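Residues in the sequence shown are numbered consecutively from 1, following full-length UniProt numbering. A virtual CB, placed ideally from N, CA and C, is assigned to each residue, including glycine. As the structure is a computational prediction, the values presented were derived from the model and not from experiment. The structure appears below as structure tokens.
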Amino acid sequence: MISGYMNRFVVGYAKLLEHDLTAPQYLIIQILAEDEPKSCSELAEVLDVTLPAITNLSNKLAAKGYIERITPDTDRRSVYLQLTEQGHEVMATMLERYQELTKPMWDSLTEQEIDTLISAYEKMGSLLPVGKIQK
């Protein structure tokens, strides 16, 4: 039952985005917006996916103009990813739309309901295997 509600929420959010992004692509943009640049290895570790998966996702994001690859002068073997100006704009738009979607939901909850929801998420988070959650 709960997963059904969560799926409806995610689908509703995805429809608002209108940027033709998959969930993993969105996560990469979100991570880079918070802390860039990141190496492909760092992204693979944070998302708990393989390096080839990151390469595939980053190729698609680069083709859309949302990210770019940079190579430091100090280590030409390393490749880092960072958002382009267009990537930053997309992230800002997605955040704005997310807030538009969730504000009515949060406003409709009482303080007690919010506290209950937070407690439930904290409990669920504490039950996850150590090392699976990246802050």
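Practice task
In angstroms with no decimal places, state the Cα-to-Cα distance between Leu-127 and Leu-117.
Solution key: 16 Å
Problem - Gly-65 beta carbon less than 7 Å from that of Thr-84 - result: yes
Problem - Inter-residue Cα distance where the pair is Asp-107 and Cys-40 - result: 39 Å
Practice task
Answer yes or no: do Gln-82 and Ile-70 have a C-beta to C-beta separation smaller than 7 Å?
Solution key: yes
Problem - DSSP bridge partner residues for residue 138 (one or two, in chain order) - result: Given a span of 1 to 135 for the chain in the structure shown, any question on residue 138 remains unanswerable.
Problem - Gly-125 (DSSP reduced to helix, strand or coil) - result: In the three-state reduction of the DSSP assignment, Gly-125 falls in the helix class, which pools H, G and I.
Exercise for the section: Can you tell me which of the three DSSP states Leu-21 falls into? Expected result: coil
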